[in-house]
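Read the structure below first, then the notes.
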Amino acid sequence: MDFETWMERPLSGDLRLVPIGGLGEFGMNALAVHTREDLLLVDCGLLFPSEDQPGIDRIVPDFAYLEPFADRIRGVALTHGHEDHIGALPYFLHRWPVPVYGTAFTLGLVESKLKEHDLDLELLHVVEDFGRVSFGKDLAVEWIPITHSIPDACCLAIHTPQGIVVHSGDFKLDPTPVDGRLTGLARLEELGVSGARLLLSDSTNSFRSGHAPSEAVCREGLEDAFEATEGRLVVATFSSNIHRIQILIELAAKHGRKVVGLGRSLERAFALARRLRLMEIPEDILLDPTSAADFPASQLLIVCTGSQGEPMSALARMLRGEMKGLKLAKGDRLLLSSRPIPGNEVPIARMLDAAARLGVETDISAFGPIHATGHGHRDDMRGLMRAVKPEHFVPVHGAYRNLQAHARLAREEGWKDHQVTLLDGGECLLVAENGIRIAGAVPVGRLLVDEGVDHAVDGQIVKDRLILQEDGVIFATVQLDDRGGLAAEPTIVSRGFVVRSDDESYAEILKASIKAALDALPADLRKDSDALRDLLRQAIRKAVRKTTGTRPMVVPVVLEG
18 MDFETWMERP LSGDLRLVPI GGLGEFGMNA LAVHTREDLL LVDCGLLFPS EDQPGIDRIV
78 PDFAYLEPFA DRIRGVALTH GHEDHIGALP YFLHRWPVPV YGTAFTLGLV ESKLKEHDLD
138 LELLHVVEDF GRVSFGKDLA VEWIPITHSI PDACCLAIHT PQGIVVHSGD FKLDPTPVDG
198 RLTGLARLEE LGVSGARLLL SDSTNSFRSG HAPSEAVCRE GLEDAFEATE GRLVVATFSS
258 NIHRIQILIE LAAKHGRKVV GLGRSLERAF ALARRLRLME IPEDILLDPT SAADFPASQL
318 LIVCTGSQGE PMSALARMLR GEMKGLKLAK GDRLLLSSRP IPGNEVPIAR MLDAAARLGV
378 ETDISAFGPI HATGHGHRDD MRGLMRAVKP EHFVPVHGAY RNLQAHARLA REEGWKDHQV
438 TLLDGGECLL VAENGIRIAG AVPVGRLLVD EGVDHAVDGQ IVKDRLILQE DGVIFATVQL
498 DDRGGLAAEP TIVSRGFVVR SDDESYAEIL KASIKAALDA LPADLRKDSD ALRDLLRQAI
558 RKAVRKTTGT RPMVVPVVLE G
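Mapping of the sequence shown onto this note's numbering: position 130 corresponds to residue 147, and the numbering continues sequentially without gaps.
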């Protein structure tokens with residue numbers, strides 16, 4: 018039975034899982050969990066744009082296929098507070114203002130987003146570790162602590178008519194977490210003993226062997242940096258990595274440095290972590306940026322955003338000398354305590370080069386590790402499989418080859434081929450009494466968001482922006498008389514379009530192509546403005562491609578007498 022048939026005639030007791038995002042790609046994680054009566058969304062993340070998407074601020078899932086089920090949507094369950102799991106919530110909640118459940122730190126990050134979008138904060142409901150919430154009559158979710166690179170991360174045990182579905186969220190099995198909050202392995206093992214039907218597990222590091230290093234290992238490398246730095250020590254990291262920031266604060270206290278936090282998102286996360294008592298901060302160690310100039314460089318630790326080379330980040334602005342009292346100089350040291358996100362290598366390299374030009378030290382080769390991944394390696398994945406002992410296994414969160422590698426690992430651990438299912442975005446996983454299988458697919462896509470407008474941006478607009486960026490634009494104005502002939506010489510104006518000859522000479526070539534196209538057009542067709550514009554566009558494009566090999570945007574303007 019395909020998805021459309023099931024949508025019309027849902028079967029009692031059946032369960033459907035539909036990944037709207039997060040499979041076959043990194044980011045935009047969202048999973049719809051369907052029964053006949055109820056629908057639950059697990060996570061609601063965004064994807065950051067690439068360099069070939071100019072003017073786009075973020076990319077979010079297209080939830081349009083959920084419209085026929087609007088009356089069944091019972092709420093959203095969040096695993097943790099990273100942007101690729103919560104960033105699309107405002108767009109989803111504008112359409113369907115349903116309850117959102119998650120742990121305290123996760124919802125603290127969501128709260129600021131809802132305020133920015135003028136959404137009702139009463140939609141947010143905090144769940145404690147091991148707490149359980151019902152979503153309609155068919156579904157209930159249990160939040161089980163799990164270690165990751167952000168506080169309050171959880172895996173979810175979803176209780177359904179077809180048994181327990183465990184969703185790992187993002188995770189690693191860290192035996193020595195900085196905050197002491199261990200993964201709830203005992204509860205996961207209980208679920209395994211009672212009979213977990215399905216495990217959906219994070220595949221991000223499925224090619225990496227062994228165990229992921231504990232966050233605690235970063236202390237050694239960061240301590241090396243403190244001891245080796247005479248001037249300011251600047252550490253750029255993700256604002257949500259409160260565990261890393263806790264280590265930095267402890268080391269700053271040990272080495273007699275004040276701590277300056279820079280970046281709006283970091284300041285928000287700082288304030289939230291302090292409010293929830295997730296950090297231990299010695300008295301008088303935090304310093305307002307405006308007072309930093311009053312202290313010797315050797316007494317300052319600057320923790321900031323910008324580890325991915327973002328041009329408007331606190332780090333980038335500091336390197337450009339735009340922060341009063343915090344101009345970096347020789348003797349200072351910069352650490353990027355994060356993993357480069359694929360695609361950001363070039364802006365990161367430019368930023369490090371800018372720091373080097375100021376005399377800032379960026380070499381970390383003599384130090385121990387200053388970053389630890391938040392995603393488990395293959396032995397962590399094995400550990401979760403062995404704890405849950407699911408009847409069936411589905412790898413999630415990652416590019417398709419990561420999913421494949423995770424599936425192979427499950428088979429190595431003893432799961433049979435029919436027990437391991439590879440899903441792609443939009444494919445519908447049917448969980449029924451007689452087994453689990455892919456049952457059709459739904460149309461899922463993505464919406465491009467430009468914060469300057471209040472609607473999604475069409476993909477053609479992005480293509481147009483790329484053309485403008487690469488090859489520029491040519492405006493051709495043609496004025497016709499009453500008989501459809503030229504009333505005046507055509508006008509050519511270009512921007513961002515470069516030719517080898519001078520502009521005036523090249524304009525004559527384009528004017529000649531316009532005249533030739535008009536001469537070949539019957540007089541009666543010249544009255545059709547749309548057809549005439551298309552003809553002129555094609556004529557100019559052909560002339561440009563023939564003479565320059567480029568493809569600028571061509572905008573013909575027809576003025577009729």
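Every residue, glycine too, gets a C-beta built ideally from N, C-alpha and C.
Proximal residues to residue i (C-beta, below 7 angstroms), its chain only, five neighbours per side dropped
i	result
Gly469	For Gly469, the predicted model reports a pLDDT of 48, less than 50, meaning its position is unreliable; a value from the coordinates is still stated below. Around Gly469: no qualifying Cβ.
Arg562	Arg568
Val144	Tyr118, Gly119, Thr120, Val150, Trp160
Ala333	Gly323, Glu327, Met368
Ser256	Gly280, Ser282, Leu283, Ala286, Thr322
Lys406	Gly209, Ala213
Gly100	Note that residue 100 corresponds to Glu in the displayed sequence, not to Gly. Around Glu100: Gly62, Leu63.
Pro299	Ala270
Ser382	none
8 angstroms CB neighbourhood of residue i in its chain, flanking five on each side removed
i	result
Pro194	Thr164, Ser231, Glu232, Ala233, His260
Arg399	Leu426, Glu430
Pro192	Leu199, Ser231
Asp155	Thr52, Arg53, Glu54, Asp55, Thr177, Pro178
Proximity to residue i [Cα-Cα], best of the options
i	options	result
Asp187	Gly209, Val510, Ile161	Ile161
Ala533	Glu54, Gln555, Ser546, Pro407	Gln555
Leu317	Arg294, Arg285, Ile266, Ala286	Ile266
Asp219	Ile175, Val411, Leu136	Val411
Arg418	Gly153, Thr96, Phe224	Phe224
Glu84	Gly98, Leu56, Leu106, Pro107	Leu56
Val117	Asp79, Val59, Ile526	Val59
Ala94	Ala81, Asn46, Arg425	Asn46
Gly248	Asp196, Ile319, Ile264	Ile319
Leu439	Glu450, Leu420, Asn361	Leu420
Leu527	Pro507, Tyr82, Leu538, Ala331	Pro507
Phe86	His102, Arg112, Leu106	Arg112
Asp498	Glu525, Leu535, Asp380, Ser511	Leu535
Cβ-based neighbour list, residue i, same chain, cut-off 6 angstroms, excluding 5 preceding and 5 following
i	result
Ala290	Ile259, Met296
Gly104	Gly62, Leu63
Ala371	Leu336
Leu576	Gln496
Ala310	Gly342
Ile365	Gly326, Pro357
Lys559	none
Gly125	Leu289
Glu444	Ile455, Ala458
Beta carbon of residue i nearer than 8 angstroms to that of residue j
i	j	result
Cys61	Phe109	yes
Gly41	Ala427	no
Lys347	Gly338	no
Asn222	Gly39	no
Ala505	Val574	no
Leu32	Thr177	yes
Ala174	Val183	yes
Leu131	Pro114	no
His409	Ile453	yes
Ala213	Ile181	yes
Arg500	Ala540	yes
Leu216	Met402	yes
His97	Ile37	no
Lys275	Ile302	yes
Asp79	Val461	yes
Ile90	Leu464	no
Ile262	Arg236	no
Phe152	Gly92	yes
Phe7	Gly273	Here the chain covers residues 18 to 578 and nothing more, so residue 7 does not appear.
Tyr107	His134	Checking the displayed sequence, the identity of residue 107 turns out to be Pro instead of Tyr. Yes, the Cβ-Cβ distance between Pro107 and His134 is below 8 angstroms.
Cβ-Cβ separation, residue j to residue i (assumed contact under 8 angstroms), whole Å
i	j	result
Val413	Asp349	No, Val413 and Asp349 are not in contact; Cβ-Cβ is about 42 angstroms, not under 8 angstroms.
Glu240	Leu205	Glu240 to Leu205, Cβ: 34 angstroms. No contact.
Met340	Pro313	That belief does not hold up - the Cβ atoms of Met340 and Pro313 are roughly 17 angstroms apart, past 8 angstroms.
Ile557	Ser522	Their Cβ separation, rounded to whole angstroms, is 16 angstroms, which puts Ile557 and Ser522 out of contact at 8 angstroms.
Gly566	Asp396	Not really, about 53 angstroms apart at Cβ, beyond 8 angstroms.
Leu34	Val448	7 angstroms
Ala229	Leu352	About 20 angstroms; that fails the 8 angstroms criterion.
Closer than 8 angstroms to chain C by CB, residue i
i	result
Trp113	The displayed structure is made up of one protein chain only, and chain C is not part of it.
Residue i CB to nearest heavy atom of the ligand NAP below 7 angstroms
i	result
Gly391	Absence of the ligand NAP from the depicted structure is noted, as is the absence of any ligand whatsoever, leaving it without description.
Examine the Cβ distances between the region 323–334 and the region 349–357 and report whether three or more of them are shorter than 8 angstroms. Yes: at least three Cβ pairs fall under 8 angstroms.
Taking 8 angstroms as the threshold, find out whether the region 208–226 comes into contact with the region 113–122 through three or more Cβ pairs. no
Examine the Cβ distances between the region 381–400 and the region 277–293 and report whether three or more of them are shorter than 8 angstroms. no
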